[in-house]
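Residue numbers (the working numbering), protein chains in the order written: chain H, 1260 to 1675; chain D, 27 to 338; chain X, 692 to 977.
By construction, the Cβ of each residue, glycine as well, lies at the ideal position given by its N, Cα and C atoms.
To keep things clear, I will list the structure first and then write my remarks on it.
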């Protein structure tokens, strides 16, 4: 148990003064530190990603001596445990007790959806890692900006690649039984079937199911490939059992942006070689910012950064650039939101910009697992540049349809 | 409890929003909800001698029914609240019938199992409950047109309901029925020989306890505007039971104090000490071993000793 | 056809794993009248301890033995110093085991972190077994075999040894057993250690299938509970039959009716308790 004395004293002081005197934040803190709240997950199946989020963000801040746009930055980290209700509570605590100016996170879609109305009510500036689609689509949250990807934004290009380049005709999708998994598989299915393919089986497993045996037993074997929409370490666990049931080599495996993240890849062996995934990031991306990021991360932690680490590193860069533009006046929330939706920033994933709903528009990479210098890496084999959350569909049409879910678009080609 | 003591507490509670910040007002609302929840459990545990590890069932069931009706049927709170309370009470009737096939440990295990059924159903019946995503985008009721979205209004709303709940529960305990209940706890065989329908007394208490658990469930979902299967988990029931046991299960004030302690530990301390569950476990173990009658009776005992003379 | 074969084998493997967990729980509940809510945490702790042991001793079976021994000692300490202090206070004992389960769970979190840790399958057993058209993980069949061997060993212990006779006497009628001179305190500690050892070893043996992750205890404990209450408290046969029954219900239920998987799981137990409170093979009411 760690008792953080510094935080205790600070928070006790802040709590007492804030509650007793109720000074408006703006006049008091114009030149005080910028308080950034990181809402992440440090326990459960999503923990490996959540821990990476903290590590990368801390690295970014350390590299800049905890200063952005001339003001000191104070980082407060909250663990939601991957439970959406707890995330909501933690976010409320961060806002009401720790008085953060801006939140980075949350990690998982369910937590973002649960906190949606609170974010609106509290006017909480949010730089999200979570992929919840409708928060930048049909029910756009005016304080919400996402620098990573919607659930399907990286899956739709992959479906295109599977259909057109890999020439798969029949596929299965399996993912965690959460909004994130539903949205991702729905997007994959839509693009795959629009390109002439057929999704013949759709499976969803609970996030914390201990054993995938019953699901693997249900898989049809007369397919070209299986798409894994898992998050955290579930992709790895599923794949391992998939091999144990002798299915390796019988069905090709492709993964979504979180199925074979660098954080779990380091625990895998030769059985992972050749797996194709799509993501908005790879540690192998060749640009100067990324090279430095990856090198420093590897020195500190001994493995390559992946999706979750890059997520907070990108969000931090976005925050930094936006703060520069508004001269550090984060208390002016309207100015912040206007600035963040109009900037273009160079980050470790390449150049990013945002659409008018707050979602990122940037490249998506198709990657293949290969061995380099004795470790497994996600080598970039193809790049789809300038991918938006709508893929090639027209925005107005896209938004007229219901949000991607378990039931939409309806799966018409399922076989019993 | 002494009258002046009660008056002081009442004054403090009423005046709270005037001097405490938003965070503390919200925390107080949460404590009140937990207090009602624990007090309802105490009817069974303390006065009935029937320990239950499934009390979260009522909170979760009422919360989910209310949430589902608002979201999927679009009805207003003045419809969904009574329906949720009624439905949960009916389920309590059924669960009570099953659980009371045993007493003591067996009863505990069955309440736990039944609660797990609800938990598992909330998790897996995704088409109804949206599973792990929980049900979100809920609203708070606006009784007589008064909005409850800000911390202070909701606090007074909760305070009013909690006060009514506790007063009614106190009346229940003080009534002849309450005396019969305590009789079945202490001397079930003698009570049976005297002609009391022991099973019926227990069953009625079970249902009544479930009803107030449902009330706390509605308050819970109104406060959070969100419900998730985790609220139906063993941990949720365990926290309530811990609150009751820690505070003192044989008294009315005990569970309230206990629930307050648990809530404070959980919300306030968890920011500074990361491992809340471990702390809760230690508190559980220490209280059960060293202060098994709970904090309130323990403190009363100490006070009596200080006042002079009386054996504890 | 292939699907049914694989699912049946899955249920048998799960049943075997459940037996390792439930047997100990049943014995403890039956003999000592303690609903040991720490049991799931002991299973999880065994898995984690096994993971650490594997770093130094890369042999799963040795790790299981060592892990089981460590958990047995830990269980013995709990019984001797905490549970015994609450003798006669059944509710207190349950609450204390609940509290200890929280402590153990968080302890595992602190020591091993929040990230699920995969346990490697022994290399010799990594290749799937091919029976005609059907491939099945070899390791799961080995787990099944281990469960059967353990069940047999326990049966022999209970039926053919003095200690077994003493345990059975205690389960049937504690007061008479005391009157006849059976050293009840020592017996209690022995049984608790045995139950803990089974749970702990079970945790690491189940590791290659389930991994070691936070929440493993909460996933396994309800299953043990159902098995024991369905099969009958204190009955080894009940634990055995119950385990495979529940293994089958869970496996097929999750596949056929995923939305109601939990209801299906608990329903048999609830029905049995409602109409036959002692469970299928139990000799005392719950």
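Item, Value
"Tell me, please, whether the CB atom of residue 916/X is closer than 8 Å to any CB atom in chain H?", "no"
"What's the call for residue 170/D, buried or exposed, on a 16-neighbour Cβ count within 10 Å?", "exposed"
"By DSSP, does residue 1673/H sit in helix, in strand, or in coil?", "coil"
"Per DSSP, residue 1680/H is paired with what?", "Because chain H here runs from 1260 to 1675, residue 1680/H falls outside it and cannot be looked at."
"If you drop the 5 nearest sequence neighbours on each side, which residues of the same chain put their C-beta closer than 6 Å to that of residue 788/X?", "727, 728 and 729"
"Quick check on residue 114/D - is its C-beta less than 8 Å from some C-beta in chain X?", "no"
"Starting from residue 1624/H, follow its DSSP beta bridges and name the residues at the other end.", "1538/H and 1642/H"
"How long is the line joining the alpha carbons of residue 799/X and residue 30/D, rounded to whole angstroms?", "48 Å"
"Look at residue 1617/H and residue 1314/H and say whether their C-beta atoms are less than 8 Å apart.", "no"
"Does residue 304/D come within less than 8 Å of chain X when only Cβ atoms are used?", "yes"
"With a cut-off of 8 Å on the beta carbons, I'd call residue 320/D and residue 271/D a contact; round off their distance for me.", "6 Å"
"Could you compute how far the alpha carbon of residue 110/D sits from the alpha carbon of residue 95/D?", "9 Å"
"Compute the Euclidean distance between the alpha carbons of residue 1600/H and residue 1439/H, then round it to the nearest angstrom.", "24 Å"
"Just list the alpha helix (DSSP H) runs in the segment 1566-1626 of chain H, keeping only unbroken ones of 4 residues or longer that don't cross its boundaries, in chain order.", "1566-1584 and 1592-1599"
"Residue 949/X versus chain D: which residues are under 8 Å apart at the beta carbon?", "150"
"Mind reading off the beta-carbon distance from residue 242/D to residue 92/D? Whole number of angstroms is fine, and I expect it under 8 Å.", "Contact flag wrong, Cβ pair sits at about 12 Å."
"Beta-carbon separation of residue 828/X and residue 1492/H under 8 Å?", "no"
"Three or more C-beta pairs closer than 8 Å, one from the segment 118-136 of chain D and one from the segment 189-200 of chain D: is that the case here?", "no"
"Alpha carbon to alpha carbon, what distance is there between residue 146/D and residue 699/X?", "23 Å"
"Which class does residue 1349/H belong to by DSSP, given the choice of helix, strand or coil?", "helix"
"Looking at chain H, is there any beta carbon in it that lies within less than 8 Å of the beta carbon of residue 734/X?", "no"
"Relative to the C-alpha of residue 289/D, which residue among 38/D, 42/D, 47/D and 52/D is closest?", "52/D"
"Please give the ranges of any beta strand (DSSP E) in the segment 726-777 of chain X, keeping only runs that are unbroken, at least 3 residues long and fully inside the region.", "none"
"With a threshold of 8 Å, are at least 3 pairs of Cβ atoms found where one atom belongs to the segment 1344-1355 of chain H and the other to the segment 1315-1327 of chain H?", "no"
"I want to know whether the segment 1530-1541 of chain H touches the segment 1614-1628 of chain H - three or more CB-CB distances under 8 Å.", "yes"
"Could you tell me the alpha carbon to alpha carbon distance between residue 1360/H and residue 253/D, rounded to whole angstroms?", "27 Å"
"Is the distance from the Cβ of residue 908/X to the Cβ of residue 732/X below 8 Å?", "yes"
"Helix, strand or coil: how does DSSP classify residue 166/D here?", "coil"
"Which class does residue 1629/H belong to by DSSP, given the choice of helix, strand or coil?", "strand"
"How many whole angstroms separate the CB atoms of residue 738/X and residue 895/X, which I take to be in contact at a CB cut-off of 8 Å?", "5 Å"
"Run through chain H and tell me which residues come within less than 7 Å of residue 819/X, C-beta to C-beta.", "1503, 1504 and 1505"
"Any idea what DSSP makes of residue 1424/H, helix, strand or coil?", "coil"
"Determine the chain X residues that contact residue 264/D at a beta-carbon separation under 7 Å, and present them in chain order.", "789"
"Identify the continuous beta strand (DSSP E) that holds residue 1433/H and give its terminal residues.", "1429-1435"
"Would DSSP call residue 1457/H helix, strand or coil?", "strand"
"Use the C-beta contact count for residue 695/X: other C-beta atoms within 10 angstroms, 16 or more gives buried, fewer gives exposed.", "exposed"
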